[in-house]
Structures are given as structure tokens and as C-alpha cells.
Amino acid sequence: MGRRALRKIDPNLDLSRHLLHLEELAAPLDGAALFGRSAPLELEVGSGKGLFLATAAADHPDRDFLGVEIAYKYARFTAARLKKRELPNAKVIHGDAQRLLSEWVPDESLAAVHVYFPDPWWKKRHRKRRIMNRTFVRQVQRVLQPGGLLHFWTDVAEYFEAALDVLAQETRLLGPQAVEARPAEHDLDYRTHFERRMRLHDLPVYRSMFRKPA
Ligand SMILES: C[S@@+](CC[C@H](N)C(=O)[O-])C[C@H]1O[C@@H](n2cnc3c(N)ncnc32)[C@H](O)[C@@H]1O
Numbered sequence: 000m001g002r003r004a005l006r007k008i009d010p011n012l013d014l015s016r017h018l019l020h021l022e023e024l025a026a027p028l029d030g031a032a033l034f035g036r037s038a039p040l041e042l043e044v045g046s047g048k049g050l051f052l053a054t055a056a057a058d059h060p061d062r063d064f065l066g067v068e069i070a071y072k073y074a075r076f077t078a079a080r081l082k083k084r085e086l087p088n089a090k091v092i093h094g095d096a097q098r099l100l101s102e103w104v105p106d107e108s109l110a111a112v113h114v115y116f117p118d119p120w121w122k123k124r125h126r127k128r129r130i131m132n133r134t135f136v137r138q139v140q141r142v143l144q145p146g147g148l149l150h151f152w153t154d155v156a157e158y159f160e161a162a163l164d165v166l167a168q169e170t171r172l173l174g175p176q177a178v179e180a181r182p183a184e185h186d187l188d189y190r191t192h193f194e195r196r197m198r199l200h201d202l203p204v205y206r207s208m209f210r211k212p213a
């Protein structure tokens, strides 16, 4: 399934409050400084077109949401979406999630990490590029606060099983807890664009949630 071309972004939109660049970000990451308040901070890895960030930020104004997206055109698209909705509690970082986690994010600083439909890297020789690898899941365990949540969804059964094995071997996160699909009440009532696409094509989605022991 190919991806549709992105809609053009209005060049007059000021994205400066919603689009951040990893290399320009002060380390360690300080959610309170970024958002100007102290609130639970959640991170989405590979935020694509930003549907999750926009919906979650609108639904939970008491929480702050950061996306990290390696493809600049998607990071900009997401930032434009957040700006158009004037969401003060969501931003996207253009950069590599693996570097963000290992070099910027302090221990026990995140209330949740969301990983939705990560690139599957189908070919066997490319599997080592998958984000749900040993180093990454250990980093997720480190950065989650006690009681914090990891949400991991994919449409690839084999990736799902492999990631659950890595999580069991490398972390003490409790799970997987199964997550049921919710009926969509409108055209964008999906967790992400990839979930929407899979559901509209009647393809399976594998959903899991893990919790860091309190
Ligand atoms: C298959 S898409 C899914 C997008 C979105 N999560 C969704 O469900 O609609 C995977 C996204 O992860 C991004 N990505 C891949 N590797 C990444 C990395 N190391 N750091 C940040 N983003 C990454 C890709 O650019 C792409 O936008």
C-alpha cells in the first residue's frame, strides 16, 4: 500500500512553537521548560502525519505530548497540524528517536511512550533496523516513570511477536496487556493514520500495552 502525497503546508504558518530540531534541543530534555509548565509528558516515536499527537493533545489538555519523527516532511506536516489547531500541549521533534532516547531523555521522566506501526523492515537482512530492538526497549524501560506505559501497535504479526519476545527478554515491563479496537465514530477516529488505513482495508492490527512496575 503506497502512501498518499502530503497536502501542501501554508508557507505563512509559523511552526516555530510546534516544530523542534533534535540537534538544537538542550540536553537533558526538560518537558517543563519546553511546555512552560509541569505536567505528565508522553512521547510518540515515529509520529508520521501527527493524528495521534493532535487527538491526544486535544483530548488531554492536562498532559503534554512530544512526537519524534525522522522524516522532515512528516515532522513539518505534523507541526502544521498542531499549529492549525493551536494545541499548546503538543510539539514534534525532527530527528532520530533512538538518539533522542539515549542522549536526551532523563531516567524516569516520561509517563508514556507510544510506538504505532513502526517501519517493518520486511527483508531479513534489514530487520536489525527495526526500532523495537534490544537497545531501544531498554531505553524505554529507563525513561518511563514507575507505573508509566508503553503502547506498541503494529499490523505485522511477525514483528509483533518478535518485539514482545525482545521486551520479555530485555525488560521488566509488565505485559502485554491486550487492547481492544474501538468502533470509529467519525472518519479520523483512529489512533493513527496507519491504524485508519488498516481498519478501512479490513487488515488485522496487533495492539499491546506494557506497564513499568511501580
Ligand atoms: C509506518 S510509519 C507510521 C506512522 C504513524 N505512527 C502511524 O501509525 O500512522 C513509521 C514512521 O516512523 C518514522 N521513523 C522511522 N524510524 C524513525 C526513527 N528512528 N526516529 C523517528 N521516526 C522514525 C518514519 O519516518 C515514519 O513516519
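Heads up: the sequence shown begins at 0 in numbering that gives the first Met the number 0, then just goes up one per residue. In this text, a Cβ means the ideal position worked out from N, Cα and C, and glycines have one as well. If you're wondering where the values come from, they're calculated on a predicted model, not measured in any experiment.
Chain-order list of residues whose beta-carbon lies under 7 Å from that of residue i (same chain, five-residue window excluded)
{"i": "H59", "result": "none"}
{"i": "L166", "result": "V136, L172, F209"}
{"i": "M197", "result": "D154, V204"}
One or two residues paired with residue i in a DSSP bridge
{"i": "H93", "result": "H20, E68"}
{"i": "R195", "result": "Answer is none; R195 lacks a bridge partner."}
{"i": "M208", "result": "H150, Q176"}
{"i": "H113", "result": "E43, H150"}
{"i": "L143", "result": "L109"}
Other residues of its chain near residue i: CB distance less than 8 Å, five sequence neighbours each side excluded
{"i": "P217", "result": "No statement about residue 217 is possible, as the shown extent of the chain runs from 0 to 213 and does not include it."}
{"i": "P21", "result": "For clarity, residue 21 is Leu in the given sequence; the question names Pro instead. Within the same chain, L21 has close Cβ partners V67, I92, H93, G94, D95, R98, L99, W103."}
{"i": "N132", "result": "V165"}
Spatial distance of residue i from residue j (CA atoms)
{"i": "P87", "j": "F34", "result": "8 Å"}
{"i": "R3", "j": "L187", "result": "16 Å"}
{"i": "H150", "j": "D13", "result": "31 Å"}
{"i": "E179", "j": "R80", "result": "27 Å"}
{"i": "T77", "j": "L65", "result": "11 Å"}
{"i": "H200", "j": "R206", "result": "17 Å"}
{"i": "R126", "j": "A110", "result": "28 Å"}
{"i": "S15", "j": "R124", "result": "39 Å"}
{"i": "P27", "j": "Q138", "result": "14 Å"}
{"i": "H192", "j": "A38", "result": "27 Å"}
Same chain, Cβ closer than 6 Å to residue i, five either side skipped, listed in chain order
{"i": "E23", "result": "none"}
{"i": "P117", "result": "G45, I130"}
{"i": "W121", "result": "none"}
{"i": "Q176", "result": "M208"}
Buried versus exposed, by CB contacts within 10 Å (16 or more), residue i
{"i": "K83", "result": "exposed"}
{"i": "T134", "result": "exposed"}
{"i": "E184", "result": "exposed"}
{"i": "K90", "result": "buried"}
{"i": "Y189", "result": "buried"}
{"i": "D61", "result": "exposed"}
{"i": "K48", "result": "buried"}
{"i": "Y71", "result": "exposed"}
{"i": "A31", "result": "exposed"}
{"i": "E160", "result": "exposed"}
{"i": "D9", "result": "exposed"}
{"i": "Q140", "result": "buried"}
{"i": "A25", "result": "exposed"}
Within the region 47 to 75, ranges of the beta strand (DSSP E) (whole runs, at least 3 residues): 63 to 68
Counting only runs that start and end within the region 0 to 46, where is the beta strand (DSSP E) found for 3 or more residues in a row? 18 to 20, 40 to 44
- Uninterrupted beta strand (DSSP E) stretches inside the region 160 to 185 (no shorter than 3 residues): Listed in chain order, they are 173 to 177.
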